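S.K.:
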Amino acid sequence: MSTTAMISENTSVPKDVRLPIYMDNHATTRTDPRVLEEMLPYFSDTFGNAASRNHEFGWMAEQAVEQARERLAKLIGANTKEIIFTSGATESDNLAIKGVAEMYREKGNHIISQATEHKAVLDTCKRLEKYGYRVTYLPVQKDGRIDLDDLKRAMDDKTILVTIMTANNEIGVLQPIREIGALCHERGVLFHTDAVQAVGKVPFNVVQDNVDVASISAHKFYGPKGVGALYVRRKGPRVQLVAQIDGGGHERGMRSGTLNVPGIVGLGKAAALASEDMAAEAVRLAGLRDRLKDKIMGQLDEVYINGSVEDRLPGNLNISFAYVEGESLLMGINDIAVSSGSACTSATLEPSYVLKALGAGDDLAHSSIRFGIGRFNTVAEVDYVAERVVDTVNRLRELSPLYEMAKEGIDLTKVQWAAEPSAH
Amino acid sequence: MAYSDKVLDHYTNPRNVGSLDKNSSQVGTGLVGAPECGDVMKLQIKVNPSTNIIEDAKFKTFGCGSAIASSSLATEWVKGKTVDEAMAIKNTDIVKELSLPPVKIHCSVLAEDAIRAAIGDWKKKQGPAQTPGQTESAPVAQQA
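As they're listed, the protein sequences go chains A and B.
Counting from 1, one number per residue, gives the positions in the first sequence under our numbering.
Counting from 425, one number per residue, gives the positions in the second sequence under our numbering.
Have a look at this one:
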């Protein structure tokens, strides 16, 4: 698809805006140039295998890995011995959930998760169900957060693991993980959190937040793709898990395989930058996000924010535009990279299960757009995006039979549609 | 997902957007799809009573770019055709014209349904002599 914008006559491109604009920072982030610079020597100069114990090439690689380990540990309040490196958060989620489930099988076979988890967690839980584990998926409230009472009630004497994400990738909503962790510790149940969208963006401390196991991904906070980590608590309680990849016993026997040294160095640098910049950056991103939200909501009616406004990642905005379908909106702003919860944008033609879990109704899921503002977005970009979105929504509402019917005063919930959806 | 140039063209310059007077006896209105599915098409035709030729057609669509393009194309194609000729339009023709990928074929099916629904509605208005033994039309949405 060409990147030439289908610019409406009303919006001209300001000088300080370069197209296309990337505003999909929950999908991935640009590798920070400082991170890339830090990584490069480990391809051609310091290219040793970190496990080569007998020569300088290996020692230097190992040193770089250990520095990265320290940097990440510092960011999340952990001990370096509690960090193991993986190929990314999907692997980390698999290792955490399967690893704990297998290790503690004698103790119990019940796992608790929730409806809006990432597929890396949900699909792993589904697999464990096939192996005879029982999994409870807690519902979420309208704001996207779980009800702690539901969690309390779901726990029984066979519960060995609770896995609940810190921040949701679609709606940016933050779960009450500190309270969840406290409850788990009370009951002697391990607490894993997929912290992918939170680490580097909001304060996350494994000690204060009562976390036992946590999944981390470099490419979500301006590091490279293909590398992540798993935090595994050593004290209070000591967590053990069964390795999912065998072959040499690297990473304290928990994850075999030659380490991705350049990737790990990148992850470490990204963590170091986050430690320095996170507080100020969060304020800046929240400001940009609120500016975008206010401009859009100030010029359009029947626009709804999906998920809690207060307990939310600073850069996330997930909005439904009534009467307008998401993919057609994306097409109209095709010089801007964002994503949608619409079925039309998914390979399976299913609308976003996260939005469905909020109880919004499929029609609003089809009308949703997710904006992920990040480090490299600017005020000028936000202003341009707001204008283009408002323009396109107005144009598509002119094309929309639903908007026409709503304006005529017809209650769309009472209409008998010709094609009722088949049960999914 | 890359869109074909024709889909982009219909999206940027949709043909025949708007509404006809649904109360007129010359107008047939087809409303197909459902908001929960992410696709709703309203297609209207205005038929010349003496020639049965479709003189005008308008559409409005809630749906993706391919759905908008399919219904826009449908209004282009039915104009100037007789009602019977319009009934013969197949979704596969739409798929071919717009180069729709497999995952978007259902958009063309809905457009075909919309044409038939509009024609069905018009035929119903012409009186009982027209209605028995009609060629199939897709069910038309009703307001409760």
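C-beta: ideal position from N, C-alpha, C; glycine also.
Note that the structure is predicted; figures quoted are calculated from it, not measured.
Fully enclosed by the region 303–329 of chain A, which beta strand (DSSP E) runs are 3 residues long or longer?
M.R.: 303–305 and 316–321
S.K.: For chain A, is any of its Cβ atoms less than 8 angstroms away from the one on B:Pro-438?
M.R.: yes
S.K.: Could you give the C-beta distance for A:Asn-210 and A:Gly-181, rounded to a whole number, given that I count them as a contact under 8 angstroms?
M.R.: 2 angstroms
S.K.: Give the straight-line distance between the Cα atoms of A:Ile-373 and A:Ala-365, rounded to the nearest whole angstrom.
M.R.: 20 angstroms
S.K.: Between B:Ala-535 and chain A, is there a C-beta pair that is closer than 8 angstroms?
M.R.: no
S.K.: I'd like to know whether the C-beta of B:Ser-398 is nearer than 8 angstroms to at least one C-beta of chain A.
M.R.: With chain B running from 425 to 568 in the structure shown, residue 398 of chain B is simply not present.
S.K.: Evaluate the contact criterion for the region 324–343 of chain A versus the region 133–143 of chain A: three or more CB pairs, one atom per stretch, below 8 angstroms.
M.R.: Taking 8 angstroms as the limit for Cβ pairs, the verdict is that the region 133–143 of chain A does not touch the region 324–343 of chain A.
S.K.: What are the residues of the region 517–529 of chain B that lie near chain A, defined by any Cβ-Cβ distance shorter than 9 angstroms?
M.R.: When C-beta distances to chain A are compared with 9 angstroms, the residues of the region 517–529 of chain B below that value are Val-527 and Lys-528, in chain order.
S.K.: For A:Val-261, report the span of its alpha helix (DSSP H) as first-last.
M.R.: 261–299
S.K.: Using a Cβ-Cβ distance cut-off of 8 angstroms, determine whether B:Leu-455 contacts chain A.
M.R.: yes
S.K.: Buried or exposed: where does A:Ala-280 fall if 16 or more other Cβ atoms within 10 Å of its Cβ makes it buried?
M.R.: Exposed: under 16 other Cβ atoms inside 10 Å.
S.K.: Name the two residues that bound the continuous alpha helix (DSSP H) containing B:Leu-444.
M.R.: Segment: none, B:Leu-444 is in no alpha helix (DSSP H) and carries neither H nor E.
S.K.: Jot down the residue ranges of each uninterrupted beta strand (DSSP E) in the region 15–68 of chain A, minimum 3 residues, whole runs only, in chain order.
M.R.: none
S.K.: Whose Cβ in chain B lies nearer than 9 angstroms to the Cβ of A:Glu-404?
M.R.: Ser-443, Lys-466 and Lys-484
S.K.: Am I right that A:Ser-320 and A:Ser-368 are in contact with their C-beta atoms under 8 angstroms? What's the rounded C-beta distance?
M.R.: Contact between A:Ser-320 and A:Ser-368 holds: their C-beta atoms lie close to 4 angstroms from each other, under 8 angstroms.
S.K.: Could you name the residues of the same chain whose beta carbon sits closer than 7 angstroms to that of A:Asp-156, not counting the 5 residues immediately before and after it, in chain order?
M.R.: Closer than 7 angstroms at Cβ, skipping near neighbours: His-110.
S.K.: Could you tell me the distance, in whole angstroms, from the CA atom of B:Asp-480 to the CA atom of A:Lys-293?
M.R.: 41 angstroms
S.K.: Could you give the first and the last residue of the continuous alpha helix (DSSP H) run that contains A:Ala-214?
M.R.: Premise fails: A:Ala-214 lies in the beta strand (DSSP E), 213–217, not in any alpha helix (DSSP H).
S.K.: Are the Cβ atoms of B:Ser-494 and B:Leu-522 separated by less than 8 angstroms?
M.R.: yes
S.K.: Just to confirm, are A:Ile-164 and A:Gln-114 a CB contact at a threshold of 8 angstroms?
M.R.: yes
S.K.: Around the C-beta of A:Asp-425, are 16 or more other C-beta atoms found within 10 angstroms, so that it is buried, or is it exposed?
M.R.: Residue numbering for chain A in the displayed model covers 1 to 424; residue 425 of chain A lies beyond these limits and cannot be assessed.
S.K.: Who does B:Val-464 pair with in a DSSP beta bridge?
M.R.: B:Gly-457 and B:Phe-486
S.K.: Would you call A:His-55 buried or exposed, if buried means 16 or more other Cβ atoms sit within 10 Å of its Cβ?
M.R.: exposed
S.K.: Quick one: grab the DSSP three-state call for A:Met-1.
M.R.: Its pLDDT being 37, under 50, A:Met-1 is placed unreliably by the model, and the measurement read from it follows with that caveat. A:Met-1: coil per DSSP, three-state reduction.
S.K.: For chain B, is any of its Cβ atoms less than 8 angstroms away from the one on A:His-26?
M.R.: no
S.K.: Report buried or exposed for A:Glu-129, applying the criterion of at least 16 other Cβ atoms within 10 angstroms of its Cβ.
M.R.: So A:Glu-129 ends up on the exposed side.
S.K.: I need the straight-line Cα distance from A:Leu-449 to A:Ser-308, nearest angstrom please.
M.R.: Summary: the structure shown does not reach residue 449 of chain A, with chain A confined to residues 1 through 424, and so no result is reported for it.
S.K.: Taking just the CA atoms, how far does A:Leu-317 sit from A:Ser-52?
M.R.: Each residue's CA atom was taken as its position, placing A:Ser-52 and A:Leu-317 some 46 angstroms apart.
S.K.: Name the chain B residues whose beta carbon is nearer than 7 angstroms to that of A:Leu-412?
M.R.: Pro-459
S.K.: Apply the 10 Å Cβ neighbour rule to B:Asn-515 and answer buried if 16 or more other Cβ atoms are within range, or exposed otherwise.
M.R.: buried
S.K.: Counting contacts by CB-CB distance shorter than 8 angstroms, is A:Pro-14 in contact with chain B?
M.R.: no
S.K.: What residue range is occupied by the uninterrupted alpha helix (DSSP H) comprising B:Ser-532?
M.R.: 529–549
S.K.: Does the distance from the C-beta atom of A:Tyr-403 to that of A:Tyr-323 stay below 8 angstroms?
M.R.: yes
S.K.: Within a Cβ cutoff of 7 angstroms, which residues of the same chain sit near B:Val-533, ignoring the five residues on either side of it in sequence?
M.R.: Excluding residues within five positions, the ones whose Cβ falls inside 7 angstroms are Asn-515.
S.K.: Taking C-beta to C-beta, are A:Thr-31 and A:Gly-223 nearer than 8 angstroms?
M.R.: Cβ atoms of A:Thr-31 and A:Gly-223: closer than 8 angstroms.
S.K.: Report the CB separation of A:Ala-282 from A:Lys-407 in whole angstroms; it is logged as a contact under 8 angstroms.
M.R.: Contact doesn't hold; Cβ gap of about 40 angstroms is too wide.
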